[in-house]
Amino acid sequence: MRLLFCVLILICIPGPFTKADDSVSLIRSFMGTWHSDGDAFGGPATSTMTWAQALDGLFARLDYRIDMQRDGDVSVFRGTAYYRLGPATSFPAFWADTSGDLHPITMVRDGTALVSTWGLDSGKQGRTRYDLIAPDTIEVTDWIKTRSDGTEGWKQFNRNIFVREHPKG
């Protein structure tokens, strides 16, 4: 009887792999190419992000591109992240971009969103939230950690609504 009780308790208690599997499933629902027309870094921009499985499905790769209109010219920002997938509730990753930044990342699930915290305590730090607000719509919001007068805070510097691109034909 005691053994049956213990087995029932173990079955009813959600384990960490349930959340990890759900998180990996959420990441996989992001797979594809997404577009946004809006603002970035204080001006008009067209943004594209592509999520894909990489390296035999062990990683999710994010390619991010922002084409910014400035004074009649187009400036392009590109970045790439690799998120390691596996039986965990957080996903270690790294980010590299055309501004020369290279950041470690830790990503966690928050409901229908993935939240990436990037950077180092000794340098630039930020947070990016990828919120799946509908099956074909993701809201992406970026913040940078600010430090002034001995106090810390978060300043939003980017927010866009992305729509999934569907193959034509």
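Here the sequence shown stands for residues -19 to -1, 1 to 150, numbered as in mature numbering (1 follows the signal peptide of the UniProt record, and there is no 0).
We put the CB at the ideal spot given by N, CA and C, even for glycine.
Remember, it's a predicted structure, so these values are computed and weren't measured experimentally.
Item, Value
"Taking 8 Å as the cut-off, decide whether the C-beta atoms of A94 and L113 are in contact.", "yes"
"Please name the residue, chosen from D3, V5, S6 and F11, that lies closest to A115 on a Cα-to-Cα basis.", "F11"
"Given this structure, state the Cα-to-Cα distance separating I(-7) from I47, to the nearest angstrom.", "With a pLDDT of only 33 at I(-7), under 50, the local geometry of the prediction cannot be trusted, and no value is derived from it."
"Here's the rule: buried if 16 or more other CB atoms are within 10 angstroms of the residue's CB, otherwise exposed. What is L(-17)?", "Caution applies to L(-17), whose pLDDT of 40 falls short of 50 and renders its modelled position unreliable; the value that the coordinates give is listed next. When all chains shown are included, L(-17) counts as exposed."
"Taking 8 Å as the threshold (C-beta atoms), are T127 and R110 in contact?", "no"
"Can the beta-carbon of K13 be found closer than 8 Å to that of R140?", "This sequence places Gly at residue 13; Lys is not what is there. No; because the gap between Cβ atoms is not below 8 Å, this pair is not in contact."
"Within 10 angstroms of the Cβ of G107, are there 16 or more other Cβ atoms? Answer buried if so, exposed if not.", "buried"
"With a threshold of 16 other CB atoms inside 10 Å of the CB of H84, please say whether the residue is buried or exposed.", "buried"
"Note down, in chain order, each residue of its chain lying with its Cβ closer than 7 Å to the Cβ of D18, except the 5 sequence neighbours on either side.", "T27"
"Roughly how many angstroms lie between the CA atoms of M58 and A77, to the nearest whole one?", "Strictly speaking, residue 58 in this sequence is Phe, with Met absent from that position. Their Cα atoms are separated by approximately 11 Å."
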